[in-house]
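Asker:
Number of protein chains: 2
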Amino acid sequence: MPTKKKPQKAVAKKAPVKKTKTKTQAKVKTKPASSKTHSQPEAAATTLSGKYYYFFAKGKADGTAQMKGLLGGKGAGLAEMTNAGVPVPPGFTITTEVCNLYYGNSLEVPRAIDRDLEKHMHKLEKVTGRKFGDPNDPLLVSVRSGSKFSMPGMMDTVLNLGLNAETLEGLARKTNNMRFALDNYRRFISMFGNVVLGIDKDVFESVITKTKTDQRIKQDSSLQENDLRGIIRKYKQIIKRKTGESFPDDPYVQLRVARDAVFRSWHNPRAISYRRLHDIPSDLGTAVNVQVMVFGNMGNNSGTGVGFTRNPATGDKEFYGEYLLNAQGEDVVAGIRNPQPIVQLAQEMPSIYKQLKSITTRLEKHYRDIQDFEFTIEQNELFMLQTRAGKRTVQAAIKIAVDMVKEKLITKAEAIQRIDPQNLDRLLHPSLNPKAKYDVVATGLPASPGAASGRVYFTAEDVVKHGAKTSAILVREETNPDDIEGMNAAVGILTARGGRTSHAAVVARQMGKCCVCGAEAIRVNTARKQFQIGKLIIKEGEVITLNGSTGDVMLGTVPTIEPELSGEFSQFMSWADEIRRLNVRTNADTPRDAEQAIKFGAEGIGLCRTEHMFFAEDRIPIVQEMILADSPEERQAALDKLLPFQKKDFVKIFQVMKGLPVTIRTLDPPLHEFLPRKEEIRVKIEALDKKDEEYEEKLEALQKVIRRIEELKELNPMLGHRGCRLGIVYPEITEMQVRAIIEAACTLARDKKPVCPEIMIPLVGHVNEFRHQKEIVVRIANEVMAKRKVKKLDYLIGTMIEIPRAALTADEVAQEAEFFSFGTNDLTQMTMGFSRDDAGKFLNYYIENAILPYDPFVSIDQDGVGQLIAMGRDKGVAARKDLKVGICGEHGGDPDSIDFCHRVGLDYISCSPYRVPIARLAAAQAELRNASSKASSKASSKARSK
Amino acid sequence: MPTKKKPQKAVAKKAPVKKTKTKTQAKVKTKPASSKTHSQPEAAATTLSGKYYYFFAKGKADGTAQMKGLLGGKGAGLAEMTNAGVPVPPGFTITTEVCNLYYGNSLEVPRAIDRDLEKHMHKLEKVTGRKFGDPNDPLLVSVRSGSKFSMPGMMDTVLNLGLNAETLEGLARKTNNMRFALDNYRRFISMFGNVVLGIDKDVFESVITKTKTDQRIKQDSSLQENDLRGIIRKYKQIIKRKTGESFPDDPYVQLRVARDAVFRSWHNPRAISYRRLHDIPSDLGTAVNVQVMVFGNMGNNSGTGVGFTRNPATGDKEFYGEYLLNAQGEDVVAGIRNPQPIVQLAQEMPSIYKQLKSITTRLEKHYRDIQDFEFTIEQNELFMLQTRAGKRTVQAAIKIAVDMVKEKLITKAEAIQRIDPQNLDRLLHPSLNPKAKYDVVATGLPASPGAASGRVYFTAEDVVKHGAKTSAILVREETNPDDIEGMNAAVGILTARGGRTSHAAVVARQMGKCCVCGAEAIRVNTARKQFQIGKLIIKEGEVITLNGSTGDVMLGTVPTIEPELSGEFSQFMSWADEIRRLNVRTNADTPRDAEQAIKFGAEGIGLCRTEHMFFAEDRIPIVQEMILADSPEERQAALDKLLPFQKKDFVKIFQVMKGLPVTIRTLDPPLHEFLPRKEEIRVKIEALDKKDEEYEEKLEALQKVIRRIEELKELNPMLGHRGCRLGIVYPEITEMQVRAIIEAACTLARDKKPVCPEIMIPLVGHVNEFRHQKEIVVRIANEVMAKRKVKKLDYLIGTMIEIPRAALTADEVAQEAEFFSFGTNDLTQMTMGFSRDDAGKFLNYYIENAILPYDPFVSIDQDGVGQLIAMGRDKGVAARKDLKVGICGEHGGDPDSIDFCHRVGLDYISCSPYRVPIARLAAAQAELRNASSKASSKASSKARSK
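Chains as they are written, first to last, in my numbering: chain A, 34 to 979; chain B, 34 to 979.
#1: When you compare the CB of I884 (chain A) with every CB in chain B, is at least one pair closer than 7 Å?
#2: Which residues in the same chain as I774 (chain B) place their Cβ atom closer than 7 Å to its Cβ, once the five residues preceding and following it in sequence are excluded?
#3: Check whether the region 625-637 of chain B touches the region 665-683 of chain B, taking contact to mean three or more Cβ pairs, one atom from each stretch, closer than 8 Å.
#4: Beta carbons nearer than 7 Å to chain A: which residues of the region 860-880 of chain B have them?
#5: Just to confirm the assignment: which complete alpha helix (DSSP H) runs, minimum length 4, are found wholly within the region 531-609 of chain B?
#6: Excluding five sequence neighbours on each side, which residues of the same chain lie with their C-beta closer than 8 Å to the C-beta of A964 (chain A)?
#7: In whole angstroms, what is the alpha-carbon distance linking L256 (chain A) and P479 (chain A)?
#8: So P837 (chain A) contacts chain B; which residues on that side make the cut at Cβ distance below 7 Å?
#9: Against chain A, which members of the region 795-810 of chain B pass a CB distance test of less than 8 Å?
#10: Thinking C-alpha only, which one of A:L826, A:N815, A:V788 and A:I830 is nearest K807 (chain A)?
#11: For T200 (chain A), would you say it is in contact with chain B, using Cβ-to-Cβ distances shorter than 7 Å as the test?
#12: Count the C-beta pairs between the region 590-603 of chain B and the region 552-568 of chain B that are closer than 8 Å, then say yes if the count reaches three, no if not.
#13: For the region 311-330 of chain B, enumerate the residues whose C-beta is nearer than 7 Å to any C-beta of chain A, in chain order.
#14: Does the separation of the CB atoms of F125 (chain A) and V323 (chain A) fall below 7 Å?
#15: Is the Cβ-Cβ distance between G354 (chain B) and G340 (chain B) less than 7 Å?
#16: Taking a contact to mean a Cβ-Cβ separation below 7 Å, would you say F165 (chain B) touches L172 (chain B) in this structure?
#17: Closer than 6 Å to a non-hydrogen atom of the ligand COA - does that hold for the CB of T593 (chain A)?
#18: Q900 (chain A) versus chain B: which residues are under 7 Å apart at the beta carbon?
#19: Using a Cβ-Cβ cut-off of 7 Å, state whether V17 (chain B) counts as contacting chain A.
#20: Could you confirm whether any beta carbon from chain A is found closer than 7 Å to the beta carbon of N963 (chain B)?
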């Protein structure tokens with residue numbers, strides 16, 4: 034073979050088929066199948082079908098829409114469309130199996146399969162009446178990737194394949210347009226050079242730029258035939274110089290090499306990165322679609338475009354898209370020329386527009402989802418190049434889902450299942466405060482809604498570098514797939530070029546980042562790390578604000594406000610609420626948090642961390658007094674001072690929650706967390722004035738703090754003196770907290786306001802620990818109620834289950850506890866033996882190297898930690914039928930974990946306020962996904978958990 | 034009542050019966066019943082029998098030997114002896130139930146029961162023909178405690194009760210011996226004053242001392258009637274002064290108050306301390322034995338003594354004991370006068386001696402155990418006061434058990450069950466090296482065998498204070514029960530007075546401490562903190578050596594040697610080995626450890642910690658090089674240097690173990706443990722000479738160490754980067770270790786020597802971690818074997834189960850691992866969420882306050898951690914039938930934990946070399962205790978685990 038292979042880091046060259054597969058598989062984040070849309074990643078790879086080419090032409094295709102795994106999304110779509118009578122350029126799909134065989138066969142397509150390539154090209158020749166490599170009327174093809182899950186722009190494509198010095202002449206003759214033929218040829222060579230041979234695009238681009246400068250022309254379209262011939266010559270020289278081989282003239286060599294390049298593109302870094310970001314298994318492989326070229330650049334009766342059947346940003350039911358006349362598809366997607374809105378086509382080519390609208394409407398009904406399509410018009414003939422479910426903003430997704438329910442296209446359950454709960458997050462991000470006054474310094478396209486302020490950076494690396502510490506905005510001429518990590522780390526993206534379907538826009542919408550595209554007024558100078566708007570220069574690190582909903586760019590920070598949630602959103606969430614069995618509570622430590630969560634639909638507080646109240650400026654000195662106390666009496670004195678603060682906090686929270694349950698956890702963190710650092714005290718000691726009359730006293734006081742810090746120092750504070758162990762050794766702390774809770778509750782009760790406190794004892798490992806604390810709770814509660822003359826106050830006493838032993842002995846604990854709340858953060862730490870603070874050193878390595886399938890601090894380790902949760906719940910409920918069981922770790926907001934909680938029969942989940950809508954939706958999806966379990970138990974179980 | 038009650042700290046005055054019981058019960062270390070001799074602590078307390086007095090007299094008793102719980106050991110013994118026709122002074126026992134009722138009734142005996150006291154005294158009057166309080170021929174009684182388990186000297190006794198100014202005269206008349214009567218009276222008053230009224234003994238003693246000084250006499254026996262009358266007067270004055278009340282003359286008041294004092298003595302601090310040390314439940318209560326006084330001090334035809342049916346120090350079958358003529362029992366036990374060996378009695382009172390020997394021989398056969406008896410001769414009439422199973426040294430216990438099997442008194446299984454495995458420890462302690470030359474500065478009685486060197490201290494407090502830091506020897510005039518904590522903290526005990534049945538001797542033997550008693554040449558001056566032998570003064574903190582087997586006392590440290598284990602010991606252990614199912618291995622890191630363990634019967638190494646080899650002086654710099662390496666190459670270079678060291682160690686260990694399995698664990702501790710402390714490096718930096726040509730280089734090198742220390746710092750190192758997590762991120766470490774192990778094994782294999790390495794991967798939580806390391810092991814092993822041309826080398830690859838997740842997913846892990854070894858230290862830490870290093874702050878509090886029943890780091894937490902062990906074992910064996918499962922945490926040497934391991938079906942336990950015999954015996958006892966389970970599976974299971 035004449036080409037140099039790109040290095041393939043991730044794949045062992047000599048590995049046998051089976052081994053490679055296992056290895057690749059092992060490297061994938063395979064979360065439980067039930068909770069993902071891609072449920073059978075290995076199916077295609079393990080049983081070979083024996084059929085490796087799927088032909089489609091003239092209304093008849095070998096494949097179907099169902100064969101996404103084998104044909105890729107694009108191939109399956111082409112087959113489906115062909116079968117549906119949609120005008121599609123004929124071609125064939127080489128299956129994903131071949132891709133895996135290629136990787137299993139030392140990066141070569143097995144000979145027998147390779148041999149069949151000619152057969153299928155001959156079939157294509159027969160259908161089109163043209164011949165591949167025919168100097169008179171050459172058949173040209175595109176070679177595109179296509180995997181089961183859409184990975185836009187992630188993989189390589191080669192167009193105009195089949196051109197060489199001879200067929201060039203044929204194409205020119207046949208189209209009677211030498212310039213067109215030459216333009217195609219130079220595009221082909223540069224694409225091939227870039228995609229297949231791995232030569233940087235800029236190398237080719239600079240030849241054109243130089244030619245244009247030499248010729249003093251600005252537009253590519255002004256290049257004359259001679260210019261193009263010169264460019265082609267130079268392109269070929271570049272290839273010869275860079276690879277040591279001549280550009281291949283043989284169309285079959287071109288085809289094979291391009292096919293293999295597509296296969297290899299499956300494992301290029303940006304594809305790997307994309308898959309990692311989107312949880313796509315890496316062993317699926319890509320198919321290769323070989324399809325007859327149609328030309329949108331055959332003059333002004335030709336064109337190309339992309340579109341959506343509804344607005345993918347808002348969900349509005351409007352025909353939406355862009356096109357360019359006399360252009361190839363790449364010109365639209367790459368955002369190099371700014372395209373026309375698709376409605377314009379109705380004026381320019383009314384019958385084509387009508388046909389396009391009719392076909393896409395049919396496609397939407399057929400697929401029962403918004404369609405994202407590509408089309409080309411070749412000399413007044415319409416060809417559909419692709420259709421697929423359209424990526425959309427989550428706002429749009431919800432509107433479309435609700436509309437489609439109303440249009441009776443889909444059911445409510447389907448609507449619920451169509452939204453990735455994680456994406457709801459985006460609805461909840463702030464937008465610009467309409468009352469804010471600001472000057473707009475530039476305007477671009479409103480490519481992805483939301484608003485964000487941040488410091489500007491000009492490369493993906495810089496954003497990644499600074500993005501963790503500060504809000505960063507990525508500013509680029511235009512983005513490309515190499516920028517994906519940077520986009521992920523940014524709060525917003527601003528580009529100077531590109532339309533609303535450009536790379537930046539598509540990716541930003543998917544990521545839920547605010548994005549302004551094609552702001553043509555800005556000039557980006559990446560080398561100098563600045564951009565210019567007229568005379569205004571904005572340098573790296575300066576702050577700007579983007580409004581992704583309007584396309585406005587402002588200097589500095591503009592204030593933002595919480596989003597108004599749409600009517601469709603409420604409607605949609607109410608359907609989720611109808612369906613779900615799990616209750617959704619929130620983790621809230623302040624009245625403000627609680628209020629926010631109530632707005633988002635929280636049904637109670639599942640975790641109120643009292644210690645967070647200890648850190649406030651006016652309280653921390655008292656807390657320190659308590660810790661430094663030499664006697665129970667001194668400690669009591671400090672606690673007496675804390676009591677009114679705690680009580681006031683609880684009163685406010687109870688008021689906000691209006692009778693919904695409020696689970697309050699007694700003091701949990703080790704005491705040293707409340708003390709200053711030793712170094713700080715040392716500085717204070719050094720600053721003491723020895724002439725000060727009180728010098729000795731002050732010194733002694735500070736030295737005492739140091740001594741106490743040293744006393745409290747622990748080798749493994751995670752497993753040290755914290756949680757109920759504090760309340761046991763210092764019962765007066767628990768007493769004060771219970772007093773504050775019950776006094777606050779009595780205040781509401783006496784005003785005849787509903788109140789539902791639940792007191793939660795943390796870090797219980799042995800039932801005796803719980804008993805000890807329960808005795809205090811009951812005693813103090815009775816005392817306070819008697820004093821306040823409140824006869825009846827319903828409150829519960831329960832415990833966190835966060836120590837493995839507590840789960841193992843949950844039957845004993847449940848004899849005393851009225852509710853359980855799984856503290857899955859600590860439970861994960863102890864069950865897996867991972868210190869969350871320290872695990873970074875090996876946990877990232879573990880996940881990257883597939884030692885662990887995913888981060889157990891993000892999603893519950895169902896096989897290990899999950900066993901304890903299921904066991905704890907079952908033993909608990911066996912011992913106490915009306916035991917309420919929930920979860921309040923950070924996993925409470927993770928959809929996969931919520932699915933797990935649903936399956937093991939928990940009553941509620943509790944998560945941060947902003948995750949509440951996500952949890953509500955995920956809980957509904959869990960119910961639908963696991964519907965086969967008993968629907969009957971729903972009502973009773975829900976009643977129980979209220 | 035005229036007497037002032039002693040304060041009773043531990044008991045709430047107003048608590049109702051039930052509550053007190055629960056509380057007391059909760060304070061007890063209740064280990065699982067199966068593994069303790071006292072299996073039903075609460076039986077007596079929960080159901081009341083309605084009969085509170087048990088009478089015994091003239092060959093007929095209400096009670097039996099089986100009623101120990103109700104009557105206490107002494108009461109049951111008296112009943113049994115009475116029934117057996119043994120001459121016992123008549124009397125009755127007030128049951129332990131009454132004690133508990135007393136505590137439940139505000140420290141008063143319920144009136145109805147109290148009323149019956151007179152009735153039983155009248156019965157006694159009828160049997161003896163004397164009357165209680167009769168001025169002519171008064172009935173005198175002793176009032177003694179007696180609980181289910183023997184607590185020698187722990188509780189209070191009152192003798193001669195019933196004496197007052199009137200009955201004194203009657204006694205004098207009846208015995209025609211006023212001096213005798215007066216002596217009894219003064220004894221009674223001082224005992225009553227001390228025991229019942231809580232006045233210090235010394236207060237009474239000083240009156241006698243003063244009288245003797247005034248009269249210039251040395252012996253108590255030289256005191257004349259007038260002296261005694263003066264003493265009695267002064268005693269009564271003391272009582273009046275100290276209590277504000279007169280000494281009670283009414284015999285029934287005396288009796289009731291004394292009875293209550295005995296009840297209260299159950300909760301005195303030394304009884305509480307004794308129970309805690311001996312794991313005796315605190316809710317058993319004590320019985321009160323009221324028994325007619327017989328007098329050993331009625332002249333030279335009277336006497337008193339104690340004895341054993343066999344030698345309790347050696348086990349030799351010889352009549353053993355001591356007596357004093359014309360003395361009461363207290364004189365013997367308290368060691369105030371040095372008594373005569375019992376064989377002497379054969380000369381002095383041949384018929385009494387014969388009768389005594391015959392009775393005690395019969396008692397031994399009856400009870401099938403060595404008897405510890407007390408007797409009194411009253412004017413040529415023999416009375417047995419008590420008999421019970423004799424406390425003995427463990428050497429004696431083994432000899433007696435083996436002898437009794439030979440005598441067909443007991444079975445082998447009974448013999449095995451009679452020895453507390455914990456006590457075997459004492460056999461394994463060093464004795465003096467016979468080749469050592471030393472001068473004996475004093476000689477006492479050989480009261481408890483073994484030898485020890487240590488610094489001398491003169492109070493229990495001082496021993497407790499220093500005993501943790503240094504070996505301490507307690508030196509006392511004589512010991513008393515208040516010294517018990519000090520004796521426990523000491524390595525040896527030396528007293529100036531008291532015989533081989535004195536308090537010091539009995540307690541020391543029980544504790545397995547070496548003890549020299551009655552070294553009359555020494556004069557102890559506690560106030561000056563020194564003792565004197567002639568002119569030689571030994572001050573606090575100076576070192577002496579005791580030989581408890583000879584009674585010798587030496588200055589300074591005398592070298593010691595390992596004990597020779599007796600023939601009986603081997604015989605006994607061989608029976609244990611016949612019986613047990615569990616294999617016993619040892620934890621050994623060095624050839625020396627391994628050798629020691631083999632001597633003690635270890636059947637393999639269950640844990641060889643390779644990192645301990647890293648700490649040697651010649652290796653640690655290389656280990657540090659490895660840790661500081663900047664690249665895998667540098668790291669490899671350091672590892673290459675370590676390889677030969679590790680290999681050499683393994684060769685030696687394999688040679689010692691002669692083909693027995695050797696489980697080698699790969700590197701476990703976090704790397705920072707191998708680096709110096711940051712402060713040390715800082716000191717080195719400060720010491721650098723700036724003029725040194727290499728200053729910059731040296732500084733940079735040291736700063737690098739600091740940086741690395743900081744990089745390696747972890748918040749919770751227990752849950753950090755350690756165990757297999759190291760071998761995964763740095764595979765070259767595992768590679769080196771495996772290479773060393775397999776090369777060492779090949780060295781033996783090539784010499785045709787048997788070798789059985791088992792490679793153990795630590796801290797596995799997920800099967801993938803194990804897979805990763807196993808791949809390395811297999812690859813390197815194959816490589817080494819190929820290189821060394823060793824075709825067959827049997828080795829196993831297994832894992833520690835020490836992370837809860839590993840136990841939960843043991844089925845998955847067992848698919849890859851060939852053996853499991855439960856690392857119960859870490860498993861306990863993670864399952865219970867206790868950092869062993871930090872738990873002190875609350876764990877002691879937990880145990881003292883019965884939040885936890887016992888220390889889970891000493892004995893496996895069977896309810897929690899035990900569940901994971903059972904689960905891990907069962908899941909593992911289900912997945913791999915021939916999976917070998919053991920335990921190598923420190924629990925491996927704890928008998929209760931061994932019983933647990935037996936019950937859950939482990940194959941082996943591994944413990945420190947010195948615990949191996951204990952483990953062998955405990956394993957045999959576990960088999961016997963759980964014999965009802967399938968005996969049939971024994972053979973096969975044992976074969977499997979070999």
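Built from N, CA and C at the ideal position, the CB exists for glycine as well.
Answerer: Working from what's here:
#1: Judged by the 7 Å Cβ criterion, I884 (chain A) is in contact with chain B.
#2: Result list for I774 (chain B): F683, I697, P790 and I792, in chain order.
#3: Contact between the region 625-637 of chain B and the region 665-683 of chain B is absent: fewer than three C-beta pairs spanning the two stretches fall below 8 Å.
#4: Of all residues in the region 860-880 of chain B, Q862, M863, T864, M865, G866, F867, S868, D870, D871, K874, F875 and Y878 have a Cβ within less than 7 Å of some Cβ in chain A.
#5: Listed in chain order, the complete alpha helix (DSSP H) runs (minimum 4 residues) inside the region 531-609 of chain B are 536-544.
#6: Setting aside the 5 residues that flank it on each side, A964 (chain A) has no residue in the same chain whose C-beta is closer than 8 Å to its C-beta.
#7: About 33 Å.
#8: Those are P837, M863 and T864, listed as they occur along chain B.
#9: For the region 795-810 of chain B, which is checked against every Cβ of chain A, the residues closer than 8 Å are L796, G798, H799, N801, E802 and H805.
#10: It is A:I830.
#11: By this cut-off, T200 (chain A) is not an interface position.
#12: In short, these stretches do not touch, since the Cβ pair count stays below three.
#13: Residues passing the 7 Å Cβ filter: none.
#14: Cβ distance < 7 Å, so F125 (chain A) and V323 (chain A) count as in contact.
#15: Against a cut-off of 7 Å, the Cβ pair of G340 (chain B) and G354 (chain B) comes out as a contact.
#16: Taking 7 Å as the Cβ cut-off, F165 (chain B) and L172 (chain B) qualify as a contacting pair.
#17: Looking for the ligand COA in the displayed structure turns up nothing, as the structure carries no ligands at all.
#18: When 7 Å is used as the limit between beta carbons, Q900 (chain A) is near these residues of chain B: L841, in chain order.
#19: The requested residue 17 (chain B) does not occur in the structure, where chain B is confined to residues 34 to 979.
#20: Taking Cβ atoms only, chain A never reaches closer than 7 Å to N963 (chain B), which makes this a no.
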